[in-house]
Amino acid sequence: LLINELWEEVKAAHSTPKRHYHTLKHLENLLHQLEAVKDQIKNWDVILFTLYYHDIVYNPLKDNNEEKSAELAEVRLRSLAVPNELAQQCKQQILATKKHLLNTDPDTNYFTDADLSVLGQDWPLYAAYAEGVRKEYSIYPDLIYKPGRKKVLQHFLQMDRIFKTDYFYNKLEATAKRNLERELEAL
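For the sequence shown, the residue numbers in this note's numbering are 2 to 188.
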């Protein structure tokens, strides 16, 4: 069955030894976060497609992972005869995870907020996330990694709101800012 082949592809991509944060556990956590706002999401099927494909291509040496993931998602959704409009919505949601900016589509904002929800977790979970990301970028020495990581952390701290939806903002924003500042100070 095609659906089984596609699931095996998603599972394999998220289970490679070089992945330490962008794993099946990340997908599970995302699903958990999104289920809490399921009644606010207009197209749950598109959100699920986005969840499975948003990090399917993940290479720390490249800066086009979101684009490659979006392209692959589009091809796979076509193979499932998903209407083009829905495939394009999925593609746009995946591309939105590159910068996590406010979007005109509420579903996209819920997805990007859920994708960033780890930032607002208790410190031990956040620290494990930061450690996992560092391991994924272990090819880079600290001399290169730390300035790049600082830039990412500062990007989030300079946003008016990290979380675009009221639900995630009220639940996670304050803790996320504290976590980001704490990691930034430690670098």
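Heads up, the beta-carbon is just placed ideally off N, CA and C, and yes, glycines get one too. Keep in mind the model is a prediction, meaning the values are calculated, not measured.
Determine the direct distance from the alpha carbon of residue j to that of residue i, and round the result to whole angstroms.
i           : j           : result
residue 11  : residue 183 : 33 Å
residue 176 : residue 188 : 19 Å
residue 43  : residue 108 : 7 Å
residue 90  : residue 47  : 7 Å
residue 85  : residue 76  : 10 Å
residue 68  : residue 45  : 22 Å
residue 122 : residue 71  : 27 Å
residue 38  : residue 31  : 11 Å
residue 2   : residue 17  : 23 Å
residue 141 : residue 106 : 36 Å
Determine, using beta carbons only, whether residue i and residue j come nearer to each other than 8 Å.
i           : j           : result
residue 74  : residue 95  : yes
residue 191 : residue 62  : Coverage of the chain is limited to positions 2 through 188, which leaves residue 191 absent and any answer about it impossible.
residue 57  : residue 14  : yes
residue 127 : residue 166 : no
residue 78  : residue 50  : yes
residue 154 : residue 178 : no
residue 118 : residue 41  : no
residue 87  : residue 52  : no
Residue range of the alpha helix (DSSP H) that residue i falls in?
i           : result
residue 12  : 3-14
residue 149 : 143-158
residue 107 : 107-117
residue 95  : 85-97
residue 178 : 167-187
residue 69  : 66-80
residue 30  : 25-36
residue 47  : 45-54
residue 127 : 124-137
Contact check, residue i vs residue j under 8 Å by CB: the rounded distance?
i           : j           : result
residue 169 : residue 114 : 4 Å
residue 20  : residue 54  : Actually they are not in contact, since the Cβ atoms of residue 20 and residue 54 sit about 15 Å apart, beyond 8 Å.
residue 151 : residue 185 : 6 Å
Short of 7 Å in beta carbon distance, which residues of its chain neighbour residue i, apart from the five on each side in sequence? Order them along the chain.
i          : result
residue 22 : 130, 133, 134 and 137
residue 92 : 71, 74 and 75
residue 99 : 67
residue 7  : 77
Once you ignore the five residues that flank residue i on each side, which residues in its own chain have a CB closer than 8 Å to its CB?
i           : result
residue 4   : 81
residue 180 : 120, 121, 122, 124 and 127
For residue i, which residues of its own chain have a beta-carbon under 6 Å away from its beta-carbon, when the five flanking residues on both sides are left out?
i           : result
residue 160 : none
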